[in-house]
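Numbering-wise, the sequence shown is residues 10 to 342 according to this note's numbering.
We treat Cβ as the ideally placed atom computed from N, Cα and C, and that holds for glycine.
Computed from a prediction, not measured in an experiment: that's the story for all the values here.
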Amino acid sequence: MKPVRVTLIPGDGVGPEITASVRTVIERAGAQIKWDEQLGGKAAVVACDNPIPDALLASIKKNKVALKGPLETSVGHGYRSVNVTLRKYFDLYANLRPVRSLKGVKSAFSGVDLIVVRENTEDLYSGIEHMVAPGVVESVKVITARASKRIAKFAFDLAAREKRKTVTAIHKANIMKLSDGLFLDCARQIAKGYPKVTYRELIVDNACMQLVLRPQEFDVLLLENLYGDIVSDLCAGLVGGLGLVPGANLGTKAAIFEAVHGTAPDIAGKNLANPLALLFSSVMMLRHLGQDRPAARVEKAAKRLLEEGKVLTRDLGGRASTTQVTERLVELL
Ligand code: NAD
C-alpha cells in the first residue's frame, strides 16, 4: 500500500510526548503514513507569532486528514481557541467520541458502551461576546436548523450503521426554549426517517445524573457543542478517565483525530502522560484511511496492555512512564 500523507500536529503540553509515542506504535504496527508535521497553538506562537500558521491550514487542506495533540487555550484572554477555529475553518461539524469500558481498567462502572455525538461548529462557541455596559456582558448562543439537522442526521446514520438501538438528544429546552427548542425540533424531524432507532430526549442536568447512575443504559448521545464538551469529560470519568477516550472531528472536507483531553499542564514534560487516548484516536484515523489491519493490531496491543495491568501510567493507577508504555505496546505488537 502506498503511504498516505497525514498532517501531524504535536501540540502543546503533553502533546509532543504522546504524539511521538503514537507515531512509534502505529508505524511499528504497519501503518502506511507519511507524516507532514506542522506547528499549531502555543508552539506556533513561540515559533512564528501565529497560533494558526498558513502552512498548517494548507497542509490539512491538502492531506484532508490530521492527527492532533492537544492545543493550549488561555483562560479569559489571548487568542481564540485554535481547536474551535480549525473545526470551523474545515467545517468539521461532527465530534465523535466513543466511550467504552475496557477490561483491566479500574473504574466505577463496567459495561459502558456509548458514543457522544457533539455538534462542533456553533452554540456558545460562536465566539460572539460583547460588553453591553461595564459589568454586563452578553455571550451569543447560535443554533441553526441547518447545523442541528446535519448533526442529528450524522447521529442517526451512525446508529443505523453500527446497529445501535437508541439516540438520546440532550438539551435544556425547558429554559432555552428557542435555541434548544430548535435543536430538538430538528432532531425529532430527522428521527422520523429512522424508525428502527429509538429516539428519546433528556434535559441535560437529569442526563448527567442518569449517566453517573446507570451509564450502561445510554447508547448514542446527541448534543449541542457546549453540553457535548462537558458531558464528554463526564463520560470519560465513567470508564477510567481522560487518558483513555479518543475522538474524531469529521466533516465533508477533512477529518482531525484527537484525544478528548487537553494539554495536561500539570504533568507536561515529565514523561507521565498516558498516550492511549491519542492511540485509540489514531486507531479511528487508520480505519478512516482504510488501514484496518494496523488499526486492529494497535487496538489489540492497547487492550492487552490494559488487561495485563503491569505497565500503566499513573492516571490508571500504575507507575510507568510514557516511554515505558510505548515500549510495552511495541513488544505486544
Ligand atoms: P486537561 O484535559 O488538560 O487535564 C485535566 C486532568 O486530566 C489533569 O489532571 C491532567 O493531568 C489529566 N490528563 C489529561 N490528559 C491526560 C493524559 N493523557 N494522561 C494522564 N493524565 C491526563 O484539561 P485542562 O487542564 O482543563 O486544560 C488544559 C489546557 O488544555 C487548556 O488550555 C485547555 O484549553 C486545553 N484543552 C485542549 C483540548 C484540545 O486540544 N482538544 C481539549 C481540552 C482542553
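Supposed contact pair residue j and residue i - C-beta distance, whole angstroms, cut 8 Å
i: residue 150; j: residue 90; result: Not confirmed; about 16 Å, so no contact.
i: residue 341; j: residue 105; result: Residue 341 to residue 105, Cβ: 26 Å. No contact.
i: residue 268; j: residue 257; result: That belief does not hold up - the Cβ atoms of residue 268 and residue 257 are roughly 11 Å apart, past 8 Å.
i: residue 225; j: residue 120; result: 5 Å
i: residue 345; j: residue 130; result: Past the edges of the chain, shown from 10 to 342, lies residue 345, and the structure says nothing about it.
i: residue 274; j: residue 22; result: 5 Å
i: residue 116; j: residue 248; result: 5 Å
i: residue 18; j: residue 78; result: 6 Å
i: residue 20; j: residue 272; result: 7 Å
i: residue 217; j: residue 240; result: 7 Å
i: residue 44; j: residue 15; result: 6 Å
Residue i: CB within 7 Å of a non-hydrogen atom of ligand 1
i: residue 107; result: no
i: residue 101; result: no
i: residue 80; result: yes
i: residue 286; result: yes
i: residue 132; result: no
i: residue 1; result: Only positions 10 to 342 of the chain appear in this structure, which leaves residue 1 out of reach.
i: residue 267; result: yes
i: residue 324; result: yes
i: residue 69; result: no
i: residue 243; result: no
i: residue 272; result: yes
i: residue 327; result: no
i: residue 45; result: no
i: residue 27; result: yes
i: residue 7; result: The first residue shown for the chain is 10 and the last is 342, placing residue 7 beyond what the model contains.
i: residue 283; result: yes
i: residue 338; result: no
i: residue 276; result: yes
i: residue 254; result: no
i: residue 251; result: yes
i: residue 23; result: yes
i: residue 92; result: yes
Residue i classed as buried or exposed, judged by whether at least 16 other C-beta atoms fall within 10 angstroms
i: residue 51; result: buried
i: residue 331; result: buried
i: residue 265; result: buried
i: residue 171; result: exposed
i: residue 284; result: buried
i: residue 83; result: exposed
i: residue 222; result: exposed
i: residue 234; result: buried
i: residue 12; result: exposed
i: residue 72; result: buried
i: residue 27; result: buried
i: residue 143; result: exposed
i: residue 124; result: buried
i: residue 209; result: exposed
i: residue 132; result: buried
i: residue 69; result: buried
i: residue 92; result: buried
i: residue 229; result: buried
Own chain residues within Cβ distance below 7 Å of residue i, not counting five before or after
i: residue 183; result: 212
i: residue 154; result: 191 and 195
i: residue 250; result: 324
i: residue 199; result: 158, 161, 162 and 165
i: residue 56; result: 48
i: residue 311; result: 285, 288, 289 and 338
i: residue 66; result: 98
Cutoff 8 Å; reference residue i; Cβ partners in own chain excluding five residues on either side
i: residue 301; result: 295
i: residue 205; result: 169
i: residue 231; result: 126, 160, 161, 164, 176, 177, 178, 179 and 196
i: residue 238; result: 127
i: residue 118; result: 110, 224, 225, 247 and 248
i: residue 54; result: 60 and 88
i: residue 137; result: 148, 149 and 151
Neighbourhood of residue i by C-beta, 6 Å cutoff - its chain only, sequence neighbours within 5 removed
i: residue 30; result: 284, 331 and 335
i: residue 10; result: 41
i: residue 38; result: 303, 306, 307 and 342
i: residue 333; result: 320
i: residue 327; result: 321
i: residue 292; result: 304, 307 and 308
i: residue 315; result: 111, 113 and 114
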